[in-house]
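If you count the sequence shown from 1, position 47 lands on 47 in full-length UniProt numbering, and the numbers rise without skipping.
Where is the CB? At the ideal position from N, CA and C, for every residue including glycine.
Source: prediction; values computed, not measured.
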Amino acid sequence: EKKFTASGILKCHLRIHTGEKPYCCQFCEMKFRETGTLKSHLRIHTGEKPYSCKFCEMKFSYSRALKRHLIIHTDGNPYSCEFCDIKFSDNGSLQKHLRIHTGEKPYSCEYCSKKFIENGALTKHLKIHKGEKRYSCEICEKKFIEGGNLKRHLRIHSGEKPYSCDYCEKKFFESG
1 EKKFTASGIL KCHLRIHTGE KPYCCQFCEM KFRETGTLKS HLRIHTGEKP
51 YSCKFCEMKF SYSRALKRHL IIHTDGNPYS CEFCDIKFSD NGSLQKHLRI
101 HTGEKPYSCE YCSKKFIENG ALTKHLKIHK GEKRYSCEIC EKKFIEGGNL
151 KRHLRIHSGE KPYSCDYCEK KFFESG
């Protein structure tokens with residue numbers, strides 16, 4: 001028998017048994033039991049990467065991805081890249097990394113034959129051909145393939161300019 005000290009924790013726990021998922025993603029309508037899980041899921045759409053590596057400039061959407069990445073900066077990694085000396089905990093990660101140096105692109109698009117280092121990049125690319133534009137602007141109804149593109153587009157309507165020149169402080173919608 002489980003005991004809970006706060007009614008909110010009990011309420012959340014009960015959702016496991018009832019199947020209730022009161023929190024809905026505004027982009028894909030996926031439902032969640034907890035707000036934290038929804039918040040984490042939203043990063044798929046927004047491209048937010050709040051977790052930064054303290055050893056290099058890499059950023060990650062999820063803490064578990066950062067933890068997996070940090071292994072390359074610590075000792076005890078037997079798999080070492082012959083080109084740049086980065087170390088890996090497993091051979092699979094090393095083989096995937098080696099493609100950066102060798103130029104190997106084993107994943108190719110069936111529509112245009114463009115090749116990719118990672119399967120995830122191919123999956124993202126395929127959305128262009130399939131015309132999946134699941135993200136639409138509520139203001140002007142323009143549609144986008146990726147949530148990050150919608151987020152950038154919304155700056156046109158909001159006037160937000162998050163990027164500024166290091167020399168004159170002029171602000172811009174985009175960084176590049």
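Taking the alpha helix (DSSP H) that R68 belongs to, which residues open and close that run?
Here residue 68 is taken as the residue at index 68 of the sequence shown, counted from 1. Run containing R68: S63 to L70, per the alpha helix (DSSP H) assignment.
Buried or exposed, going by whether 16 or more other CB atoms sit within 10 Å of the CB of E29?
Here residue 29 is taken as the residue at index 29 of the sequence shown, counted from 1. It counts as exposed.
Rounded to the nearest angstrom, what separates F27 and P162 at their Cα positions?
The residue labelled residue 27 in the question sits at position 27 within the sequence shown. The residue labelled residue 162 in the question sits at position 162 within the sequence shown. Their backbone Cα atoms lie some 23 Å apart in a straight line.
In terms of alpha-carbon separation, which member of K130, K59 and I145 lies closest to C137?
Indexing the sequence shown from 1 puts residue 137 at position 137. Of the candidates K130, K59 and I145, the one whose C-alpha sits nearest the C-alpha of C137 is I145.
Looking at Y51: is its Cβ nearer than 8 Å to the Cβ of L66?
To locate residue 51, count along the sequence shown from 1; it is residue 51. To locate residue 66, count along the sequence shown from 1; it is residue 66. It is a contact, given that the beta carbons lie within the stated cut-off.
Quick one: residues in its chain with C-beta nearer than 7 Å to the C-beta of F4, no 5 flanking neighbours on either side, listed in chain order?
Translated into the one-based positions of the sequence shown, residue 4 becomes position 4. The predicted position of F4 is uncertain, since its pLDDT is 49 and thus under 50; no value can be drawn from it.
Distance check for S40 and I72, CA to CA, integer angstroms please.
The residue labelled residue 72 in the question sits at position 72 within the sequence shown. The residue labelled residue 40 in the question sits at position 40 within the sequence shown. Whole-angstrom Cα-Cα distance: 24 Å.
When the Cα of Y111 is compared with those of K54, L150, D85 and K130, which residue comes out closest?
Within the sequence shown, the letter at position 111 stands for residue 111. If we check each option's Cα against that of Y111, K130 comes out closest.
Which residues in the same chain have their Cβ closer than 6 Å to the Cβ of F55, if we skip the five residues on either side of it in sequence?
For the purposes of this step, residue 55 is identified with residue 55 of the sequence shown, where counting begins at 1. Excluding sequence neighbours, F55 sits near H73.
Taking Cβ to Cβ, would you say K33 is nearer than 8 Å to S61?
Sequence index remark: in the sequence shown, residue 33 carries index 33 (1-based). Sequence index remark: in the sequence shown, residue 61 carries index 61 (1-based). The amino acid at residue 33 is misidentified as Lys; the sequence shows Arg. Not closer than 8 Å, so no.
Quick check: the Cα distance between R134 and E57, rounded to an integer number of angstroms?
Reading the sequence shown from its first residue, position 134 is the one you call residue 134. Reading the sequence shown from its first residue, position 57 is the one you call residue 57. Rounded to the nearest angstrom, the two C-alpha atoms are 31 Å apart.
If I follow the unbroken alpha helix (DSSP H) through S93, where does it start and stop?
Indexing the sequence shown from 1 puts residue 93 at position 93. S93 -> alpha helix (DSSP H) spans N91 to T102.
Quick one, which of Y167, F173 and R152 has its alpha-carbon nearest E48's?
Taking the sequence shown and counting its residues from 1, one reaches residue 48 at position 48. Comparing Cα positions, the closest option is R152.
By DSSP, does K127 sit in helix, in strand, or in coil?
Along the sequence shown, read from residue 1 onward, the residue named residue 127 stands at position 127. Residue state, collapsed to three classes: helix.
Under a Cβ-count criterion, where at least 16 other Cβ atoms within 10 Å of its own Cβ denotes burial, should F83 be classed as buried or exposed?
On the sequence shown, position 83 is the one that residue 83 refers to. F83 is exposed by the Cβ-count criterion.
Check the DSSP bridge columns for Y111 and list the partner residues they point to.
Numbered from 1 along the sequence shown, position 111 holds the residue referred to as residue 111. Looking at the DSSP assignment, Y111 forms no beta bridge with any residue, so it has no partner.
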